[in-house]
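Peer 1: One structure is given below, represented as structure tokens, and several questions about it will come after.
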Amino acid sequence: MSIETHTAIALAEIERGSLEIIDKEAIEKLLKTYYQEGKTYTVKAGFDPTAPDLHLGHTVLLQKLATFQKFGGHVQFLIGSFTATIGDPTGKSETRKVLSKEEVHRNIESYTQQAFKILDPDKTQVVYNHEWLEKLTPMEFLQLLSKRTVARMLERDDFKKRYKNEEDIAIHEFTYPLLQGYDSVVLKSDIEIGGSDQKFNLLMGRQLQKAYEVGKQQAVLMMPILEGLDGVQKMSKSLGNYIGVTDEANNMFGKVLSVSDDLMWRYYELLSSESLDAIAGLKKGVGEGSLHPMDIKKALASEIVERFHGEGEGRKAKEEFERVFSHKNIPTQLKEYKLEANIGIIKALVDCELVPSLNQARRDLKAGAVKMDQEKVTDEHFIITQGEYILQKGKKSFVKIVVK
RNA sequence: GGUGAGUUACUCAAGCGGCCAAAGAGGGCAGACUGUAAAUCUGCUGGUUUAUACCUUCGAAGGUUCGAAUCCUUCACUCACCA
52 MSIETHTAIA LAEIERGSLE IIDKEAIEKL LKTYYQEGKT YTVKAGFDPT APDLHLGHTV
112 LLQKLATFQK FGGHVQFLIG SFTATIGDPT GKSETRKVLS KEEVHRNIES YTQQAFKILD
172 PDKTQVVYNH EWLEKLTPME FLQLLSKRTV ARMLERDDFK KRYKNEEDIA IHEFTYPLLQ
232 GYDSVVLKSD IEIGGSDQKF NLLMGRQLQK AYEVGKQQAV LMMPILEGLD GVQKMSKSLG
292 NYIGVTDEAN NMFGKVLSVS DDLMWRYYEL LSSESLDAIA GLKKGVGEGS LHPMDIKKAL
352 ASEIVERFHG EGEGRKAKEE FERVFSHKNI PTQLKEYKLE ANIGIIKALV DCELVPSLNQ
412 ARRDLKAGAV KMDQEKVTDE HFIITQGEYI LQKGKKSFVK IVVK
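Residue numbers for the first sequence follow our numbering, so the first one is 52 and each next one is one higher.
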């Protein structure tokens, strides 16, 4: 294959799913140089260690980084260790609590560990921005500030809006994009990737690299923000609409299957490793009725489960799913609770953590959502006698109870 | 700094002395129908071993009253207009 062909293939894969690329020519050049001379380049992406677990929303970026690694990129996995300990850059709309150093440290541990399920560790450099940001002298900091103007900062949508509405903008908020951009100066990144909501900050890196005469300006690739399970809001832990990369396999499978058909295509595009052509084919098949959307969704779910739980696990999760939900069987793996003899059904539901309160248990019972050994129970005074039972609330929650 | 308006459950938002655990909408949970999809329909949506009972809740603390989310005082925060 010629260098041109290699480059074109790589570029196409890199572009996939991206929302916008700034300075695509630069990326093309880096790829070409890689194929000509074997010279690698750096790709930076920043992560906030505000939570210990990654979800699929994060992996959209990680997968893109992995793609770069396939084509000569060396990843600069930047942990916002400095910014995370300071506070809230996006104003009161999203009051973020300030994390202690220990918390941040713990988060970073599990965070990176999870990230390496996708990234190639040999081509990844984990860097922490407190290493250089903490060392900035006031003079250096002011020099950094002097590189930009207030007018420029107000170009950022978020700031623009708030300024127009005469809402407060804390002065330190202005410094966040600058600090983030400064990371690119220190790291001399060739490319930075991030979510589309980060556009302003990503571009800041470019501008600061110029201002500091780094000798290059990073290309920028923006990925869309992945919607959560509700299909509307972005995937986030606080909204509870996420699929965590550490989610148990069967649960992960189920969550994927619960997304709407519309959202499924979005997940295909951003999470699957199927080619875009193949996806278009699937879509066509579904549109024509020759393919059942649920089968397509199951394939996606399997793929995702395999990625995080290993080969074979996707198929297993699928089989289990079909056993339980299509054929209405009891799951093979059940959490087991030991309960006292002659316990009331209401109390039992709470003790097994199927419901949060006795009242909720009564409501569910009344609604006909509770089953014991596949038999519906509606009498709230029902007493469970000695034995082993399967207790079920709703379609999805099963528990095994052992009553002494 | 001055003046005025506001702060209600997960969110928005009614309530302006007892009938308020607090309307309505959204969200969520559950049931029916399905494919753990969408759409639709229905029920539920503070807690307490279900009680025409008690407890906690309407920014915070005090007060008036038989009785307060509702009235008064102080404090905190938010918003608007003026300087």
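Glycine included, C-beta positions come from ideal geometry on N, C-alpha and C. Just so you know, these numbers come straight off a predicted model, no measurement behind them.
Drop a sphere of 10 angstroms on the beta-carbon of Leu385, count the other beta-carbons inside from all chains shown, and report buried for 16 or more, exposed for fewer.
Peer 2: So Leu385 counts as exposed.
Peer 1: Mind checking whether Val178 and Gln127 have CB atoms under 8 Å apart?
Peer 2: Their beta carbons are under 8 Å apart, which means Val178 touches Gln127 by this criterion.
Peer 1: Of all the options Gln284, Asp241 and Phe251, which has the alpha carbon lying nearest to the alpha carbon of Val265?
Peer 2: Considering only alpha carbons, the answer is Asp241.
Peer 1: Taking the DSSP output, what are the residues bridged to Tyr179?
Peer 2: Paired residue(s): Ile130.
Peer 1: Between Pro407 and Ile397, what straight-line distance do the alpha-carbon atoms span, to the nearest angstrom?
Peer 2: Near 11 Å, if we compare the C-alpha coordinates of Ile397 and Pro407.
Peer 1: Find the nearest neighbour of Ala329 within the set Ile347, Ala202 and Leu196, judged by alpha-carbon distance.
Peer 2: Among Ile347, Ala202 and Leu196, the Cα nearest to that of Ala329 belongs to Ile347.
Peer 1: Run through the segment 245 to 318 for me and flag every whole alpha helix (DSSP H) of 4 or more residues, listed as ranges in chain order.
Peer 2: Listed in chain order, the complete alpha helix (DSSP H) runs (minimum 4 residues) inside the segment 245 to 318 are 250 to 262 and 300 to 308.
Peer 1: Determine the DSSP secondary structure at Gly338, reduced to helix, strand or coil.
Peer 2: Correct three-state label for Gly338: helix.
Peer 1: Restricting to Cα atoms, I'd like to know which of Leu238, Phe133, Leu351 and Gln231 is closest to Leu254.
Peer 2: For the residues Leu238, Phe133, Leu351 and Gln231, the minimum Cα distance to Leu254 belongs to Gln231.
Peer 1: From Lys215 to Gln425, what does the alpha carbon distance come to, in whole angstroms?
Peer 2: Their backbone Cα atoms lie some 60 Å apart in a straight line.
Peer 1: Tell me whether Thr146 sits in a helix, a strand or coil according to DSSP, three-state version.
Peer 2: With a pLDDT of only 39 at Thr146, under the threshold of 50, the placement of this residue in the model should not be trusted, and no figure is reported.
Peer 1: Among Ile452, Leu308 and Leu195, which residue has its Cα nearest to the Cα of Glu373?
Peer 2: The shortest Cα separation from Glu373 among Ile452, Leu308 and Leu195 belongs to Leu308.
Peer 1: Indicate whether Gln120 and Leu70 have their beta-carbon atoms separated by less than 8 Å.
Peer 2: Against a cut-off of 8 Å, the Cβ pair of Leu70 and Gln120 comes out as no contact.
Peer 1: For His432, name the three-state secondary structure that DSSP assigns.
Peer 2: His432: coil per DSSP, three-state reduction.
Peer 1: With Asn292 and Ala368 assumed to form a contact (beta carbons below 8 Å), what rounded beta-carbon distance in angstroms separates them?
Peer 2: Contact doesn't hold; Cβ gap of about 20 Å is too wide.
Peer 1: Just the Cα atoms here: how many angstroms apart are Val450 and Arg317?
Peer 2: About 33 Å.
Peer 1: Going by beta-carbon coordinates alone, are Gly108 and Lys285 separated by less than 8 Å?
Peer 2: Their beta carbons are under 8 Å apart, which means Gly108 touches Lys285 by this criterion.
Peer 1: Exposed or buried, Ser53, counting other C-beta atoms within 10 Å across all chains shown (16 or more means buried)?
Peer 2: Ser53 is exposed by the Cβ-count criterion.
Peer 1: What did DSSP end up calling Thr91 once you bin it into helix, strand or coil?
Peer 2: Three-state result, Thr91: coil.
Peer 1: If you run the structure through DSSP and keep just helix, strand and coil, what is Lys451?
Peer 2: Residue state, collapsed to three classes: strand.
Peer 1: Drop a sphere of 10 angstroms on the beta-carbon of Arg358, count the other beta-carbons inside from all chains shown, and report buried for 16 or more, exposed for fewer.
Peer 2: Buried.
Peer 1: Please state whether the Cβ-Cβ distance between Ile394 and Ile441 is less than 8 Å.
Peer 2: Taking 8 Å as the Cβ cut-off, Ile394 and Ile441 do not qualify as a contacting pair.
Peer 1: Beta strand (DSSP E) containing Lys211: first to last residue?
Peer 2: Element bounds for Lys211: not the beta strand (DSSP E) but the alpha helix (DSSP H), Asp208 to Lys215.
Peer 1: Assign Lys90 to buried or exposed, taking buried as 16 or more other Cβ atoms, counted over all protein chains shown, within 10 Å of its Cβ.
Peer 2: Exposed, by the Cβ-count rule.
Peer 1: Have a look at Leu82 and Lys239 and give me their C-alpha separation to the nearest angstrom.
Peer 2: Rounded to whole angstroms, Leu82 to Lys239 spans 17 Å at the Cα level.
Peer 1: On a Cα-Cα basis, can you pick out the residue from Glu439, His125 and Ser151 that is closest to Phe133?
Peer 2: Of the candidates Glu439, His125 and Ser151, the one whose C-alpha sits nearest the C-alpha of Phe133 is Ser151.
Peer 1: If you run the structure through DSSP and keep just helix, strand and coil, what is Thr141?
Peer 2: Low local confidence applies: a pLDDT of 45 at Thr141 is under 50, so the model's placement there is unreliable, with the coordinate-based value given in what follows. Coil at Thr141, not helix or strand.
Peer 1: Please report the distance separating the alpha-carbon of Lys174 from that of Lys168.
Peer 2: If you take the alpha carbons of Lys174 and Lys168, they lie about 13 Å apart.
Peer 1: Specify the secondary structure class of Ser53 as computed by DSSP and reduced to three states.
Peer 2: In the structure shown, Ser53 sits in coil (DSSP, three-state: anything other than H, G, I, E or B).
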